[in-house]
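Chemist:
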Amino acid sequence: MIYVSEEDRRRAALAKEAARAFAGLVGWTLVPCTSPMPSVLADFEYADRANIVMAHWNKKVSLTGLIKAVAECRTDLLLVEPSQVSGKQAGNYITLLLCRDGEVQIVTGLWLWLQEPGGPIHLVTNPECGDEMRAFMVDQSGIHPLPTPPWATADAERLGFWTVRRHWELTIGGHYP
């Protein structure tokens with residue numbers, strides 16, 4: 001049996017709020033995952049037009065279970081995981097489970113990037129990790145891999161991270177993923 005503490009519930013609620021806010025930012029309409037989907041996805045929401053499940057950290061759900069569900073449904077999954085909770089604020093990690101050609105790809109440590117308000121939202125791997133850079137454009141139709149990062153210079157890179165943080169705070173409020 002898995003014991004879920006008050007702290008766990010608070011972390012899950014903040015992650016769910018951030019996942020919904022992200023969906024709103026890119027224009028996805030969410031509906032609860034329905035019975036044809038695997039039971040591991042029951043507490044999450046689905047954006048039909050983008051074919052993606054918006055998931056949030058839940059102590060009772062395993063990554064292995066999510067991977068199996070993504071492969072079975074042939075859908076993508078965006079997972080918001082809280083790093084820590086301090087009062088009403090939490091930092092979040094974004095992980096993508098992408099189903100491509102029947103295989104599930106896992107991309108962890110993603111950050112939001114935005115060139116300008118009203119422009120496309122991008123997800124990019126943390127440039128400070130030293131891992132291979134991965135970049136995705138996110139729009140109403142889903143998540144699309146990019147061959148290169150969405151910026152041309154180091155200044156544009158820094159500005160895009162700053163812009164998305166300010167845009168998030170002004171349009172959504174609350175904690176930033």
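Sequential numbering of the sequence shown, starting at 1, is according to the working numbering. Every residue gets a Cβ at the ideal spot worked out from N, C-alpha and C, and that includes glycine.
Any idea which residues DSSP pairs L98 with across the strands?
Modeler: For this step, residue 98 is matched to residue 98 along the sequence shown. DSSP output for L98 lists Q105 as bridge partner(s).
Chemist: Please list the terminal residues of the continuous beta strand (DSSP E) segment that includes L123.
Modeler: On the sequence shown, residue 123 is found 123 positions in, with the first residue counted as 1. Unbroken beta strand (DSSP E) run through L123: I121 to T125.
Chemist: Return the chain-ordered list of same chain residues with a C-beta closer than 6 Å to the C-beta of A69, the five sequence neighbours on each side being excluded.
Modeler: Here residue 69 corresponds to residue number 69 of the sequence shown, with the count starting at 1. Only P38, V40 and L41 meet the Cβ criterion.
Chemist: How is G27 classed by DSSP in three states: helix, strand or coil?
Modeler: Position 27 of the sequence shown, counting from 1, holds the residue named residue 27. Reduced to three states, the DSSP call for G27 is coil.
Chemist: Buried or exposed for A82, please, with buried defined as at least 16 other CB atoms from any protein chain shown within 10 angstroms of its CB.
Modeler: Stepping through the sequence shown from its first residue, residue 82 is reached at position 82. With the sequence shown as reference, residue 82 is identified as Pro, and Ala is not the correct amino acid for it. P82 should be labelled buried.
Chemist: Between the beta-carbon of H56 and the beta-carbon of A23, is there less than 7 Å?
Modeler: Position 56 of the sequence shown, counting from 1, holds the residue named residue 56. Position 23 of the sequence shown, counting from 1, holds the residue named residue 23. Result no, Cβ atoms of H56 and A23 do not sit closer than 7 Å.
Chemist: Taking its Cβ as the centre, do 16 or more other Cβ atoms sit within 10 Å of R9, making it buried, or is it exposed?
Modeler: Here residue 9 refers to the residue found at position 9 when the sequence shown is read from its first residue. Classification for R9: exposed.
Chemist: Among M133, L114, Q140 and V138, which residue has its Cα nearest to the Cα of T148?
Modeler: Walking along the sequence shown from the start, residue 148 turns up at place 148. Among M133, L114, Q140 and V138, the Cα nearest to that of T148 belongs to M133.
Chemist: Hey, could you find the ends of the alpha helix (DSSP H) E116 is sitting in?
Modeler: Residue mapping note: residue 116 aligns to position 116 of the sequence shown, counting from 1. First-last for E116: undefined, no H or E at that position.
Chemist: Please report how far the alpha carbon of V107 lies from the alpha carbon of A135, in whole angstroms.
Modeler: Position 107 of the sequence shown, counted from the start, is the residue given in the question as residue 107. Position 135 of the sequence shown, counted from the start, is the residue given in the question as residue 135. The straight-line gap from Cα to Cα measures roughly 10 Å.
Chemist: Excluding the 5 residues preceding and the 5 following I2 in the sequence, name in chain order all residues of the same chain whose CB lies nearer than 7 Å to its CB.
Modeler: One-based indexing of the sequence shown puts residue 2 at position 2. The answer, listed in chain order, is K59 and K60.
Chemist: Go ahead and pull the three-state DSSP assignment for E169.
Modeler: The residue labelled residue 169 in the question sits at position 169 within the sequence shown. Note: E169 maps to helix in three-state DSSP.
Chemist: Quick one: Cα of P120 to Cα of E7, how far?
Modeler: As a first step, residue 120 is located in the sequence shown; it is residue number 120 there, counting from the start. As a first step, residue 7 is located in the sequence shown; it is residue number 7 there, counting from the start. The alpha-carbon atoms of P120 and E7 are separated by roughly 34 Å.
Chemist: For the alpha helix (DSSP H) that V70 lies in, which residues bound it at each end?
Modeler: Along the sequence shown, read from residue 1 onward, the residue named residue 70 stands at position 70. That run of the alpha helix (DSSP H) goes L63 to C73.
Chemist: Here's the rule: buried if 16 or more other CB atoms are within 10 angstroms of the residue's CB, otherwise exposed. What is L170?
Modeler: Residue 170 sits at position 170 when you count from the first residue of the sequence shown. L170 comes out exposed.
Chemist: Per the DSSP calculation, L78 is bridged to which residue(s)?
Modeler: For this step, residue 78 is matched to residue 78 along the sequence shown. Paired residue(s): M54 and L96.
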